[in-house]
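J.: Chains as they are written, first to last, in this note's numbering: chain A, 318 to 468; chain B, 2 to 474. Mind having a look at this structure? Questions to follow.
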Amino acid sequence: MIYIKMKPFEYLEHTADVKFRARGRSLEEVFENAALAMLGAMIDPSTVRLDETWTVETESESLEDLLYRWLSEILYLFEVELAVFSKFEVALEESEAGWRLSGRIGGERVDPKRHLFETEVKAVTLHQFEIKREAVEEGDDIWTAQVVLDV
Amino acid sequence: MLNRVDDYIFEVPVGHQKGMLVPGRIFISEKLLAQVEPGTIDQVANVATLPGIVNYSMAMPDAHLGYGFPIGGVAAFREDGGVISPGGVGFDINCGVRMLRTDLRADEVAPMISNLVEDLFHDIPSGVGAKGRLRVSEHELDEAFTRGAAWAVEAGFGVPEDLEHCEENGQLQGAKSDQVSLKARKRGRPQLGTLGSGNHFLEIQRVDRIFDERLAEQFGLFEGQVTVMIHCGSRGAGHQICTDHLQVLSKAVRKYGIELPDKQLACAPLGTPEADSYFGAMAAAANYAWANRQIISAWTREVFERYFADARLDLVYDVAHNVAKVEEHSVDGSKERLYVHRKGATRAFGPGRPEIPAAYREVGQPVLIPGSMGTPSYVLCGSRGAMRLTFGSACHGAGRIMSRTQAKKTYAGTEVRDGLTRRGIKVMATSPKMLAEEAPEVYKPSDEVVDVVHHLDIARKVARVVPLGVSKG
């Protein structure tokens, strides 16, 4: 097996908003890394303690829509629970409807004294949104997801 | 390549992008055009591919890269054969600006500026995830969605005259609160009466220049006067409504066989259930935003009354800059009902339009152009050029030229604050890091942007106001 160096995510230049590309050796991993990139745009993850766990269940007919739902669901949780997160575990399975996602999210309630926000992410846009498989070496593909966030 | 039509009009020809139905038109100076990224021009071209678009896909002089429409994008669609798209409105539905004029002079207010800003910062919740001081019931939330600022005034926030001085009287018709999801309600309920974060602000200002005495008098403005500007929108409720409907409309695109160059331009033909549902929910979010600005205005008045017992803070005007609306415009000599989308653009109706409050109708509506933090804002007056050229639309702000990441690399939030303090501007913010993102230097100078719309007679310069104190998220 060839070991490929892979950055979990990187931020790309965008004048008004935040754009990132996340990678993963599996679909699950690219979903997890996309969530880390999104939260990383808001807050330094090292300031977030893993005190509580939340779960997300969603399904969709397409992988793209599934990723959109997953990220939007995390933003929803952030706002209604007033919590920040730094750990994401995703399980995916193919279902009758297409794809089913079960996510476990670790984090804690916002503490204004310790949590300094970099920016507020308003929403996940569909602009240039894509998730795809890229062949790096034979038999060793990686998944990439590109997302623009409205901030 | 762009074709020059006029000193301040540049055309994006059909063919710039596959599927363009009409040309694009960017209203801009050569100097400002040099700062517009190629991606922004592509976004103008993308909008030109949407079915039923009338005349041109337009962009204002503050145009910059967005998602779906460019920021500063304007497009109108025929009721018959056209579409409605959340890509032409954005997530922060009815993000907008209002200005209150006081009867106070800057020299009277200056000694109290720190107290005022501290109280405003304390009394009006702001920042990421901020919850309001209000605890509204589900019924009151419905009222905010369906009746906007009119509900807020009835609930004791402000006076009936405020409504007269709001675009759409602070209440967009056609709102359907039953098209608002439970998630959007859950986000919206605790946030009514909050400013939010990012570029949103509440600013105490001084009128430092009058360009047109007659128009200034009509708007109740004079040199040295203190004004207050409130810039915010529909908060999490609006963000969630857009998120929900974007998914519905993405399916509608496949159902109705529409080809799109950008998924964020997801849309539905007018008259379909998907389009009706989005319009009803979008209007509900717009009303929530008007209720929000109305509540914040009432609290601002309370703060001023603490220090100036007899102070009057009258609403000059309130404008939306992210919204889609049904308006009547003249197309090829005949009147047509159009769905006008303004994404980072302000309505700028000229003299005589019935939508303008009686007090301003003979001159045109006030157009409020907020500056970036620490830079001047402008009051303009909608004019005839807007009715002829842009479906009654003008620019909405300065337009970003530096990315947020770059801004944070270049400036430290504390330095930005110190710089403003040295210039005598009192700033309070929940996060110093976010101050760096909004440093004055990351925006185009708004005077150049405003000059373009003035030259084109889209909106005429009335007054310039400069900040005395700012409260930010």
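Even glycine gets a Cβ: it sits at the ideal position worked out from N, Cα and C. Predicted model only: the values in this text are computed from it and were never measured.
Counting only Cβ-Cβ distances shorter than 9 Å, please list the residues of the segment 127 to 159 of chain B near chain A, keeping chain order.
T.: When C-beta distances to chain A are compared with 9 Å, the residues of the segment 127 to 159 of chain B below that value are G128, V129, G130, K132, in chain order.
J.: Beta carbons nearer than 9 Å to chain A: which residues of the segment 60 to 73 of chain B have them?
T.: H65, L66, G67, Y68, G69, I72
J.: Is any beta-carbon of chain B found at less than 8 Å from that of A:D368?
T.: Walking along the first sequence from the start, residue 368 of chain A turns up at place 51. Not an interface residue.
J.: Compare the C-alpha of B:V137 against each of B:V160, B:R186, B:I85, B:I29 and name the closest.
T.: In the second sequence, residue 137 of chain B corresponds to position 136, counting from 1. Nearest of B:V160, B:R186, B:I85, B:I29 to B:V137, Cα basis: B:R186.
J.: Check whether chain B comes within 8 Å of A:D457, counting only Cβ atoms and requiring the distance to be less than that.
T.: Mapped onto the first sequence, residue 457 of chain A falls at position 140. Answer no: the Cβ-Cβ gap between A:D457 and chain B never drops below 8 Å.
J.: Check whether the segment 81 to 93 of chain B and the segment 242 to 254 of chain B are in contact - that is, three or more C-beta pairs closer than 8 Å.
T.: The segment 81 to 93 of chain B, when compared against the segment 242 to 254 of chain B, does touch it at the 8 Å Cβ threshold.
J.: With a 10 Å radius around its C-beta and 16 neighbouring C-beta atoms as the bar for buried, classify B:N4 as buried or exposed.
T.: For the purposes of this step, residue 4 of chain B is taken as residue 3 along the second sequence, with counting starting at 1. Of the other Cβ atoms in all chains shown, fewer than 16 fall within 10 Å of the Cβ of B:N4; this residue is therefore exposed.
J.: Just list the beta strand (DSSP E) runs in the segment 403 to 473 of chain B, keeping only unbroken ones of 3 residues or longer that don't cross its boundaries, in chain order.
T.: As far as the segment 403 to 473 of chain B is concerned, its whole beta strand (DSSP E) runs of at least 3 residues are 427 to 430, 460 to 473.
J.: Looking at the structure shown, is A:E411 part of a helix, part of a strand, or coil, going by DSSP?
T.: Translated into the one-based positions of the first sequence, residue 411 of chain A becomes position 94. Correct three-state label for A:E411: strand.
J.: Would a check of beta-carbon distances place A:T461 closer than 8 Å to chain B?
T.: One-based indexing of the first sequence puts residue 461 of chain A at position 144. Chain B, which has no Cβ nearer than 8 Å to the Cβ of A:T461, makes this no.
J.: For B:T411, does the count of other Cβ atoms within 10 angstroms reach 16, so buried, or fall short, so exposed?
T.: Along the second sequence, one-based indexing puts residue 411 of chain B at 410. Exposed, by the Cβ-count rule.
J.: Got a sec: is the Cβ-Cβ distance from A:A351 to anything in chain B below 8 Å?
T.: Here the question's residue 351 of chain A lines up with position 34 in the first sequence. Answer no: the Cβ-Cβ gap between A:A351 and chain B never drops below 8 Å.
J.: Starting from the beta carbon of B:F92, find every residue of chain A whose beta carbon is closer than 7 Å, and list them in chain order.
T.: Here residue 92 of chain B corresponds to residue number 91 of the second sequence, with the count starting at 1. Within chain A, the residues placing a beta-carbon under 7 Å from that of B:F92 are K439, A440, D467, ordered along the chain.
J.: Helix, strand or coil for B:Q295, going by three-state DSSP, please let me know.
T.: As a first step, residue 295 of chain B must be located in the second sequence, where it is residue number 294. B:Q295 falls in the helix class under three-state DSSP.
J.: Taking 8 Å as the CB-CB cut-off, is B:D43 touching chain A?
T.: The residue given as residue 43 of chain B occupies position 42 in the second sequence. No - not a single Cβ of chain A is within 8 Å of the one on B:D43.
J.: What's the gap between the Cα of B:E337 and the Cα of B:T103?
T.: Along the second sequence, read from residue 1 onward, the residue named residue 337 of chain B stands at position 336. Along the second sequence, read from residue 1 onward, the residue named residue 103 of chain B stands at position 102. When rounded, the distance between both Cα atoms is 39 Å.
J.: Does B:P191 come out as helix, strand or coil in the three-state DSSP assignment?
T.: Your numbering for residue 191 of chain B matches position 190 in the second sequence. The answer is helix: DSSP assigns B:P191 an H, G or I state.
J.: Looking at the structure shown, is A:E376 part of a helix, part of a strand, or coil, going by DSSP?
T.: Within the first sequence, numbered from 1, the residue matching residue 376 of chain A stands at position 59. In the structure shown, A:E376 sits in a strand (DSSP, three-state: E or B).
J.: Using a cut-off of 8 Å between C-beta atoms, extract the partners of B:R401 located in chain A.
T.: Indexing the second sequence from 1 puts residue 401 of chain B at position 400. In chain order: T332, A333.
J.: Can you tell me whether DSSP reads A:F434 as helix, strand or coil?
T.: Within the first sequence, residue 434 of chain A is the residue found at index 117, counting from 1. DSSP places A:F434 in coil when its eight states are reduced to three.
J.: Kindly say whether B:Q265, judged by its beta-carbon, lies nearer than 8 Å to any beta-carbon of chain A.
T.: Counting from 1 along the second sequence, the entry for residue 265 of chain B is found at position 264. Yes, because at least one Cβ of chain A sits closer than 8 Å to the Cβ of B:Q265.
J.: Give the interface partners of B:M2 over in chain A, defined as CB-CB distance under 7 Å, in chain order.
T.: To locate residue 2 of chain B, count along the second sequence from 1; it is residue 1. The contacting residues do not exist; B:M2 stays about 22 Å from chain A at best.
J.: Can you find the residues in the same chain that come closer than 8 Å, C-beta to C-beta, to A:E369, ignoring five residues on each side of it along the sequence?
T.: Here residue 369 of chain A is taken as the residue at index 52 of the first sequence, counted from 1. So the qualifying residues of the chain are A400, G423, G424, E425, R426.
J.: For B:H246, does the three-state DSSP call read helix, strand or coil?
T.: For this step, residue 246 of chain B is matched to residue 245 along the second sequence. In this structure, B:H246 counts as helix in the three-state DSSP scheme.
J.: Note down the Cα distance separating A:A462 from A:R338, rounded to an integer number of angstroms.
T.: In the first sequence, residue 462 of chain A corresponds to position 145, counting from 1. In the first sequence, residue 338 of chain A corresponds to position 21, counting from 1. When rounded, the distance between both Cα atoms is 6 Å.
J.: Output, in chain order, the set of chain B residues within a Cβ distance shorter than 7 Å of A:V397.
T.: The residue labelled residue 397 of chain A in the question sits at position 80 within the first sequence. K187, R188, listed in chain order.
J.: If you compare alpha carbons, which of B:A292, B:G400, B:S432 is closest to B:F146?
T.: Residue numbering aside, residue 146 of chain B sits at position 145 when the second sequence is read from its first letter. B:F146 has its Cα closest to that of B:A292, out of B:A292, B:G400, B:S432.
J.: Quick check on the burial criterion: 16 or more other C-beta atoms within 10 angstroms. Buried or exposed for B:G272?
T.: As a first step, residue 272 of chain B is located in the second sequence; it is residue number 271 there, counting from the start. Label assigned to B:G272: exposed.
J.: For a contact meaning CB atoms closer than 8 Å, what does A:S389 contact in chain B?
T.: Taking the first sequence and counting its residues from 1, one reaches residue 389 of chain A at position 72. Within 8 Å Cβ-Cβ: T244.
J.: Taking the DSSP output, what are the residues bridged to B:H65?
T.: The residue given as residue 65 of chain B occupies position 64 in the second sequence. DSSP, once it has assigned bridges, lists B:I72 as partnering B:H65.
J.: Let me confirm a value: A:M318 is counted as buried when at least 16 other C-beta atoms fall within 10 Å, else exposed. Which label applies?
T.: Locating residue 318 of chain A in the first sequence gives position 1, where the first residue counts as 1. Annotation note: pLDDT 44 at A:M318 (below 50); position unreliable, coordinate value reported separately. Under this definition A:M318 is an exposed residue.
J.: Measure from the C-beta of B:L247 to each C-beta in chain A and report whether the shortest distance is under 8 Å.
T.: As a position in the second sequence, residue 247 of chain B is number 246, starting the count at 1. Taking Cβ atoms only, chain A reaches closer than 8 Å to B:L247, which makes this a yes.
J.: If the cut is a Cβ gap below 8 Å, which residues of chain B does A:D382 touch?
T.: Taking the first residue of the first sequence as 1, we reach residue 382 of chain A at position 65. Within chain B, the residues near A:D382 are Q248, S251.
J.: So which of B:L216, B:L142, B:G159, B:D7 has the shortest CA-CA distance to B:A176?
T.: Here residue 176 of chain B corresponds to residue number 175 of the second sequence, with the count starting at 1. Closest option to B:A176, Cα to Cα, is B:L142.
J.: How about B:Q44 and B:G67: do their beta carbons lie closer than 8 Å?
T.: Counting from 1 along the second sequence, the entry for residue 44 of chain B is found at position 43. Counting from 1 along the second sequence, the entry for residue 67 of chain B is found at position 66. Their beta carbons are under 8 Å apart, which means B:Q44 touches B:G67 by this criterion.
J.: Between which two residues does the alpha helix (DSSP H) carrying B:K32 extend?
T.: Reading the second sequence from its first residue, position 31 is the one you call residue 32 of chain B. Counting along the chain, the unbroken alpha helix (DSSP H) around B:K32 starts and ends at 31 to 34.
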